[in-house]
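Engineer: Let me begin by handing over the structure; questions about it come next.
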Amino acid sequence: MNVRLILVLMVWPFAAIAQGFAGLGQGAEGFATPRPGVALEFPADHGAHPSYRIEWWYLTANLKGEDGRSYGVQWTLFRSALAPETREGWADPQIWMGHAGLTTPERHFVAERLARGGIGQAGVTAVPFGAWIDGWRMQGRAAEGRDELSALSLTAQGTDFAYDLDLTAEGPLVAHGQSGYSTKSESGQASYYYSQPFYRVAGTLDLPEGPIAVTGRAWLDREWSSQPLDAEQKGWDWVSLHFESGEKLMGFQLRSTDGAYTSGTWIGADGRAEPFEDGVLTMTPLGRARVAGRDLPVRWRLELPAKGLDVEIDALNAQSWMETRFAYWEGPVRITGSHRGEGYLEMTGYE
Amino acid sequence: MLLQLHDVEKAYDSGAGRVSVLRGVSMAVAAGETVALTGESGSGKSTVLHLCAGLDLPDSGRIEVEGQDIAAADDRARAALRRDAVGLVFQQFNLIPSLDVAANLAFQARLAGRQDAPWVADLARRLGLADLMDRYPEQLSGGQQQRVAIGRTLAARPRLILADEPTGNLDEETGDAVLDLMLGLVAEAGVGLLLVTHSPRLAARLDRRLLLKGGRLA
Amino acid sequence: MYRTALSALLSHWRRHPMQLGSLLLGLALATALWSGVQAINAEARASYDRAAGVLAQDRLEQLVPTDGQRFSQEVYVALRRAGWDISPVLEGRWSRAGRSVRILGIEPLSLPAGAAPQPVAAGGDMAAFLSQPGQGFAAPQTVAALDGADGLPPLTAAPDMVPGMVLVDIGIAQGLLRAEGEVSRLLVAPAQPVGRTPLGEVAPGLSLRAPQAEADVANLTGSFHLNLTAFGFLSFAVGLFIVHSAIGLAFEQRRPMFRTLRALGLPLGALVAILAAEVLILALAAGLVGIGLGYGIAAALLPDVAATLRGLYGAALPGSLSLRPEWWLGGLGIAMLGAGVAAAQSLWRLWHLPLLAPAQPRAWARASARALARQGALAGGLAVVAVLAGLFGQGVAGGFVLLGALLLSAALALPGVLALILGAAERASRGALAQWFWADTRQQLPGLSLALMALLLALAANVGVGTMVASFRLTFTGWLDQRLSSEFYVTARNEAEAGRLHDWLEPRSDALLPIWKIEGPVRGRTAEVYGVADHPTYSENWPILTGTPDLWQSLARGEGAIVNEQLWRREGLRLGDSLTLPGGAERALVGVYSDYGNPRGQVIIGVEDLTALYPEVERLRYAIRIDPEKVPDLRRALVDEFGLPADNMIDQASVKRFSLQVFERTFAVTAALNVLTMGVAGFAMFTSLLTLATMRLPQLAPVWALGLTRGRLARLELVRALLLAALTMVLALPVGLVLAWALLSVVNVAAFGWRLPMHVFPADWLWLGALALAAAGLAAAWPALRLARMPPLRLLKVFADER
Ligand SMILES: Nc1ncnc2c1ncn2[C@@H]1O[C@H](COP(=O)(O)OP(=O)(O)O)[C@@H](O)[C@H]1O
Ligand SMILES: [Mg+2]
């Protein structure tokens, strides 16, 4: 989806500047571009696509602790290529970045990792599935004959937190757009995009006050592309929501100077995807909170009349600020209104 | 009264114990009056003058300049008195060797914050120093140096001049000439003068004559 | 009032420009030498800090290999995957075609926050840095020095880089250093993730090293800079004598003026304040001039210092000097302080001067017997301090306490000793003129004593340092002969070539001796471990200081090790002690050899032992024993037939020449400071004599009147100056020798780790004595000449002015 694409495109130059280099990931020619009508192929497409410029494995989880409290977990591995190829050793032009977040009602923990490809410090393999950076891993443990992503173990550590989770998919992979070819603008920019939104989760969170056993739901996004977007948009608001009915919603709006562009996919409890066009979804900010020196709308009203949806989403912890090289807001939300449930909200571009 | 001494006593420590120099000296000098202080060498004339100028303090007794008891004043006040009210002319000319005649002449007036260029020029002319203005003290004869010293004192317009054998280092002829000049200028300015000399001839030319002997005024 | 009084006081200087000049020059010279030395030190310190701060090593812990060798980057990856937040560093020396530079390979993505070197943090093209052929950052002069060098990535000048180093991506560095897949050490981020696997389980070959507050090199060079500082301070002290005498004189001469000013109504407080302000103004002016001169001195000496530091310690210094506030402010401060100290006594006296005290300038207060005794007692006390420091003092600092106390004690004792000698001469003399001469000389002593003390300091320092340097040179050249016994040295460009080279040389030489080494920690500090072949070259020539009779055999058997003197002294080792080599092997200490000019510890074991312990060791260098006559042919054959670049070989004579060059440059700075100090002392003599001359007229005039010609008087004045200088020289000699002893046996041992035998060079003393006499003669010549030509009128005036 657009939102994540922009995130990465903006993150990389920022990461580069923070490290002292401008222009990382820019200007490289010769990358492959997504084309419509090319079917996704599994398990190969679970792995990395080095001839595309950017790619990510993006997982968010809404969890409930044995103590009855709610938690949220984020695990993301980004790939960005300086050139459309792989090489042995340090000469490999693939660069990897990991973000990990853990949200409790009171606190929000963040960690970030960067690594070069080619030396084994970070990477992704399709079969058996494994994505890792340093000690962070998203490891496939699918049963024989099942999709490689159908069962995962997930772990990450920061300086003051860690988590170790087991995930089992209870539904199929979901392709967005036209069978995974997801158009991003009128001028034809696009990405390959699919999700696995049906995970059941069980595991342990390591917090400063001690370990906590948790269970809950998770959502994995997979996307890769080579094409940057126009820099018109000021920022975006993005949600992935699990409803108690078993249905799910991915939706976002891109805020630009002349209004907002909305889009998304409605996912049935059986995994059937119904993408929708601009203007179908309405997102209205309701309440703001002071976060990291800026005002962010941490409460929203979402309306999708075609599905009879009129809900309010509210952040579990308004201070879910990802203080990484490119900082943004990402955290778990509760859903009330016509549908009940839980999900994740991501917001960028609020100054 | 311009200057008044009451029962002033002063003794010095010498190798042979304490030597009493002044044993109760009382005297007065009125404004415009010229007084000669005479006595043998070592009789204490210079001591009297130093005490009057606040350069040293009496052991007992009072010394008043324009009514102010200088023994009771601190160093700063006594310095101010020397700057403003009193002018000193020494036997040693005590010019500032690194300043030329012009600067030396104007020096005390400037130190006191009073400058009167025409008056200094007039003094220089009358003291016969007009052609020597850019010389340095070492390039002057004794008489010329003493004239500069007198001019320096007069230039600052003091109300009391204390002069310690101002012509003692000069030959008789030069000494007379310098004294003539000084007395003329003193009379003209209406200044009080206490002049130490051991020469009766010079003393006779002043309004009054005091004789210091055995530590007392005879 | 203040303005008028100040201008009167300042008019004194206008009338005595010489005196003003000597005051300003003395202070300026003192400040110049001091701030010059400080400027050099500050520059060096800044460059060490920069070196220490590279990759924030001064703040970060590091994981380093216990055996000191490079290790596989797999270890890095394994540690990362075990949760360690670390960043790999690869460093090494890259040389090609006679050019050589240190390569520092970093991994920018994993560098802990704030550890990125300035040019990297400042921005650039990350893609270019990471991808082939890479991009190198280096100091501008390093970029210039490497201009056109083949094989390096494109270089970008970065002013903040440490000279002599090229910063590249670690991947590029591995290629340049032929260290594919290898890493030197790992930087550890301050905050680590939770749940790391313990180090021992993942990387047993690594150990955690605490942040290094200063670079190795700052440690090593510390004593060198202390040396410089001590010299700077000595010069400053000498300069201070001048200032003291000039200010004291100026106060004395103006005493009548002070009295007149006060008689004319200037309060005492105002007078003292004005004089203090005057001193301050003069100090400021002189200080500024001094800092300018100091900059010049530092700029002139810096290349030598840089060469020394590079040759001796491998520390890179920039070739140019920057105006750092820490030294120019310090220089100004010390000028003020110096003038203040010099003026304090005079101001104190003025404050307590009774208004009516005799105002005649006295040519210095006559040094009363009591004052001399007091000074003598102080000298004695300092001598005791010196002896105590010599007996119990520790390290370089102890050595300098010894030197300082010794010199000061000697200087303070000088006037008393001279007075005794002159008094004895006076009693022994017969003729009236002779008696007058001795008495008058003694009377002049107080006025000249400060200048003579300065001269004594300068002479003693010259004797001491001269003896040390000459002793060193003698020992060093002898040692070089022993140490460099092979006729020719070659270095192959790679292992394959080394093998071919060995086979090629074998039949063409008498013996082929490997010079292979590794670097690693020995007793906690980086040391070199060499392997030597079992060959008479070593047993016959090597400069062994002490050792077991069969030490070479025990090296050949792989049982023993010998160490250099500095390691031996530093660790207090004894023969038979067990020595742990990098990696953990133990060898018995069987001998100690001298190793001048090397700041690091060094260990030698048998060459088979070395290759067995460290199979990875680079086997590129060989020493060749061959008939010296055949060296030019061999060289030619190596280039033409074998194809080894000429830069990869060097003959014995060149190595010696180069070593001696390093040696000479090491002491060039010392010598320059020595000469400058002498100059300052000579100048002190001159100004003192000059001012005394004018004040001495009343003493000379009667003698003149009694029938001595002015020429005769002038000659006597000259003889007097020469005599005093000669006496001072004689007294300076023992002081200088003790100084030399202290430098050789205390300071050098502490500073460099080796002790040198002391040799004396009486011919040098004669030369120095002649120099001292020449200085005194020159200083006295002009005042004497003025006396000889003085118009009789001025002498007559003395009588006319008598009052
Ligand atoms: N500072 C002094 N210390 C000790 N004795 C002094 C001092 N000043 C003056 N005297 C002594 O006081 C006496 C008077 O001195 P002074 O007033 O100078 O005499 P006069 O000016 O009449 O010749 C002399 O005997 C002199 O020796
Ligand atoms: Mg008298």
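Chains as they are written, first to last, in the UniProt record's numbering: chain A, 1 to 351; chain B, 1 to 218; chain C, 1 to 803.
Here a beta-carbon is modelled for each residue, glycine too, at the ideal position from N, C-alpha and C.
For LEU109 of chain C, return the contacting residues in chain A, with the cut-off set at a CB-CB distance below 8 angstroms.
Structural biologist: Residue numbering aside, residue 109 of chain C sits at position 109 when the third sequence is read from its first letter. Under the 8 angstroms cutoff, chain A gives GLN19, ILE95, LEU114, ALA115 and ARG116.
Engineer: Determine, using beta carbons only, whether ARG18 of chain B comes closer than 8 angstroms to chain C.
Structural biologist: Taking the first residue of the second sequence as 1, we reach residue 18 of chain B at position 18. False, the Cβ-Cβ gap to chain C never drops below 8 angstroms.
Engineer: State yes or no: is the beta carbon of SER346 of chain C nearer than 8 angstroms to at least one beta carbon in chain B?
Structural biologist: Taking the first residue of the third sequence as position 1, residue 346 of chain C is located at position 346. Taking Cβ atoms only, chain B never reaches closer than 8 angstroms to SER346 of chain C, which makes this a no.
Engineer: Quick check on the burial criterion: 16 or more other C-beta atoms within 10 angstroms. Buried or exposed for ASN748 of chain C?
Structural biologist: By 1-based counting over the third sequence, the position of residue 748 of chain C is 748. The residue in question, ASN748 of chain C, is buried, as its Cβ has 16 or more Cβ neighbours within 10 Å.
Engineer: Does the beta-carbon distance from PRO549 of chain C to SER594 of chain C come in below 8 angstroms?
Structural biologist: Position 549 of the third sequence, counted from the start, is the residue given in the question as residue 549 of chain C. Position 594 of the third sequence, counted from the start, is the residue given in the question as residue 594 of chain C. For PRO549 of chain C and SER594 of chain C, no; Cβs fall outside 8 angstroms.
Engineer: Which residues in the same chain have their Cβ closer than 6 angstroms to the Cβ of GLY287 of chain A, if we skip the five residues on either side of it in sequence?
Structural biologist: Mapped onto the first sequence, residue 287 of chain A falls at position 287. So the list reads ARG299, once near-sequence residues are dropped.
Engineer: When we look at the beta-carbon of THR709 of chain C and count the other beta-carbons within 10 Å, is it buried (16 or more) or exposed?
Structural biologist: On the third sequence, position 709 is the one that residue 709 of chain C refers to. Its Cβ having fewer than 16 others within 10 Å, THR709 of chain C is exposed.
Engineer: Going by DSSP, which residues form a beta bridge with PHE161 of chain A?
Structural biologist: Residue mapping note: residue 161 of chain A aligns to position 161 of the first sequence, counting from 1. Looking at the DSSP assignment, PHE161 of chain A forms no beta bridge with any residue, so it has no partner.
Engineer: Indicate the three-state DSSP secondary structure (helix, strand or coil) for PHE761 of chain C in the structure shown.
Structural biologist: Mapped onto the third sequence, residue 761 of chain C falls at position 761. In this structure, PHE761 of chain C counts as coil in the three-state DSSP scheme.
Engineer: Strictly below 8 angstroms CB to CB, what residues from chain C border ALA162 of chain A?
Structural biologist: As a first step, residue 162 of chain A must be located in the first sequence, where it is residue number 162. The contacting residues are PRO193, VAL194 and GLY195.
Engineer: Determine whether the Cβ of ARG178 of chain C lies closer than 8 angstroms to any Cβ atom of chain A.
Structural biologist: The residue you call residue 178 of chain C lines up with position 178 of the third sequence. No, because no Cβ of chain A sits closer than 8 angstroms to the Cβ of ARG178 of chain C.
Engineer: Apart from the five residues just before and just after GLY23 of chain A, which ones in its own chain have a Cβ nearer than 6 angstroms to its Cβ?
Structural biologist: Residue mapping note: residue 23 of chain A aligns to position 23 of the first sequence, counting from 1. Model confidence at GLY23 of chain A stands at a pLDDT of 32, short of 50, so the residue's coordinates are unreliable and nothing is read from them.
Engineer: Assuming GLY61 of chain B and ASP7 of chain B are in contact, meaning their beta carbons sit under 8 angstroms apart, how far apart are those beta carbons, in whole angstroms?
Structural biologist: Numbered from 1 along the second sequence, position 61 holds the residue referred to as residue 61 of chain B. Numbered from 1 along the second sequence, position 7 holds the residue referred to as residue 7 of chain B. At roughly 4 angstroms, the Cβ-Cβ gap stays under 8 angstroms, so GLY61 of chain B and ASP7 of chain B are in contact.
Engineer: Tell me whether ILE281 of chain C is buried or exposed, calling it buried when 16 or more other Cβ atoms sit within 10 Å of its Cβ.
Structural biologist: Mapped onto the third sequence, residue 281 of chain C falls at position 281. Result: exposed.
Engineer: Based on the DSSP secondary-structure assignment, which residues constitute the bridge partners of SER46 of chain B?
Structural biologist: Against the second sequence, residue 46 of chain B aligns to sequence position 46. In DSSP, SER46 of chain B forms no bridge with anything.
Engineer: Determine, for ILE119 of chain A, whether the minimum Cβ-Cβ distance to residues of chain C falls below 8 angstroms.
Structural biologist: Translated into positions along the first sequence, residue 119 of chain A becomes position 119. True, the Cβ-Cβ gap to chain C drops below 8 angstroms.
Engineer: For ASN564 of chain C, which residues does DSSP report across the bridge?
Structural biologist: Here residue 564 of chain C corresponds to residue number 564 of the third sequence, with the count starting at 1. The partner list for ASN564 of chain C (beta bridge, DSSP) reads C:TYR593.
Engineer: Would a check of beta-carbon distances place ALA157 of chain C closer than 8 angstroms to chain F?
Structural biologist: The chain inventory of the structure shown lacks chain F, comprising the protein chains A, B and C.
Engineer: To be precise: take each residue of the stretch 70–92 of chain C, compare its Cβ to all Cβ atoms of chain A, and keep it if any distance is under 7 angstroms. Which residues remain?
Structural biologist: Answer in chain order: GLN73, VAL77, ARG80, ARG81, ALA82 and GLY83.
Engineer: Leaving out the 5 sequence neighbours to the left and right, which residues in its chain are closer than 6 angstroms to LEU567 of chain C when beta-carbon positions are compared?
Structural biologist: As a first step, residue 567 of chain C must be located in the third sequence, where it is residue number 567. Cβ neighbours of LEU567 of chain C beyond the five flanking positions: GLY601.
Engineer: Pull up the DSSP beta-bridge partners for TRP96 of chain A, would you.
Structural biologist: Sequence index remark: in the first sequence, residue 96 of chain A carries index 96 (1-based). For TRP96 of chain A, which the question treats as bridged, DSSP gives the partners A:ARG79 and A:ALA115.
Engineer: Using the C-alpha atoms, what's the distance from ALA770 of chain C back to ALA763 of chain C?
Structural biologist: The count along the third sequence starts at 1 and reaches residue 763 of chain C at position 763. The count along the third sequence starts at 1 and reaches residue 770 of chain C at position 770. So the two alpha carbons sit approximately 11 angstroms from each other.
Engineer: Could you give the C-beta distance for GLY290 of chain C and THR687 of chain C, rounded to a whole number, given that I count them as a contact under 8 angstroms?
Structural biologist: In the third sequence, counting from the first residue as 1, residue 290 of chain C sits at position 290. In the third sequence, counting from the first residue as 1, residue 687 of chain C sits at position 687. GLY290 of chain C to THR687 of chain C, Cβ: 16 angstroms. No contact.
Engineer: Measure how close the beta-carbons of ILE161 of chain B and LEU202 of chain B come, nearest whole angstrom, since I'm counting them as under 8 angstroms.
Structural biologist: As a working note, residue 161 of chain B is residue 161 in the second sequence. As a working note, residue 202 of chain B is residue 202 in the second sequence. That pair is no contact at about 15 angstroms.
Engineer: Quick check on residue 837 of chain C: buried or exposed, where buried means 16 or more other Cβ atoms within 10 Å of its Cβ?
Structural biologist: Residue 837 of chain C lies beyond the residue range present for chain C, which begins at 1 and ends at 803; the question has no answer from this structure.
Engineer: Along the stretch 107–119 of chain B, what residues have a CB closer than 8 angstroms to any CB found in chain C?
Structural biologist: Answer set for the stretch 107–119 of chain B: PHE107, GLN108, ARG110, LEU111, ALA112 and GLY113.
Engineer: Is any beta-carbon of chain B found at less than 8 angstroms from that of MET790 of chain C?
Structural biologist: Stepping through the third sequence from its first residue, residue 790 of chain C is reached at position 790. MET790 of chain C does not count as touching chain B.
Engineer: Mind listing, in chain order, the continuous alpha helix (DSSP H) runs of no fewer than 4 residues lying wholly within the UniProt domain "ABC3 transporter permease C-terminal" (674–792) of chain C?
Structural biologist: Counting only runs of 4 or more, we get 697–705, 710–742, 748–751 and 762–788.
Engineer: Pull up the CB-CB distance for GLU497 of chain C and ARG116 of chain A, whole angstroms please, since I reckon it's below 8 angstroms.
Structural biologist: Here residue 497 of chain C refers to the residue found at position 497 of the third sequence. Here residue 116 of chain A refers to the residue found at position 116 of the first sequence. Going by Cβ atoms, the distance from GLU497 of chain C to ARG116 of chain A rounds to 32 angstroms, so no, they are not a contact pair.
Engineer: Could you tell me whether any Cβ in chain C is nearer than 8 angstroms to the Cβ of THR103 of chain A?
Structural biologist: Position 103 of the first sequence, counted from the start, is the residue given in the question as residue 103 of chain A. False, the Cβ-Cβ gap to chain C never drops below 8 angstroms.
Engineer: Taking contact to mean 3 or more Cβ pairs, one atom from each stretch, closer than 8 angstroms, check whether the stretch 118–132 of chain A and the stretch 42–53 of chain A are in contact.
Structural biologist: With the cut-off at 8 angstroms, the stretch 118–132 of chain A and the stretch 42–53 of chain A touch.
Engineer: Identify the residues that DSSP records as bridge partners of ARG334 of chain A: which are they?
Structural biologist: Counting from 1 along the first sequence, the entry for residue 334 of chain A is found at position 334. A:ASP314 and A:GLU342.
Engineer: When you compare only the Cα positions, how much space is there between GLU112 of chain A and MET97 of chain A?
Structural biologist: Within the first sequence, numbered from 1, the residue matching residue 112 of chain A stands at position 112. Within the first sequence, numbered from 1, the residue matching residue 97 of chain A stands at position 97. Distance between the alpha carbons of GLU112 of chain A and MET97 of chain A is about 7 angstroms.
Engineer: Applying the criterion that 16 or more other CB atoms from any shown protein chain within 10 Å of the CB defines a buried residue, is LYS213 of chain B buried or exposed?
Structural biologist: Translated into the one-based positions of the second sequence, residue 213 of chain B becomes position 213. LYS213 of chain B comes out exposed.
Engineer: How about ASP13 of chain B: is its C-beta nearer than 8 angstroms to some C-beta of chain C?
Structural biologist: Translated into the one-based positions of the second sequence, residue 13 of chain B becomes position 13. No - not a single Cβ of chain C is within 8 angstroms of the one on ASP13 of chain B.
Engineer: Identify the continuous beta strand (DSSP E) that holds TRP84 of chain C and give its terminal residues.
Structural biologist: As a working note, residue 84 of chain C is residue 84 in the third sequence. It is not in any beta strand (DSSP E) - TRP84 of chain C carries neither H nor E in the DSSP assignment.
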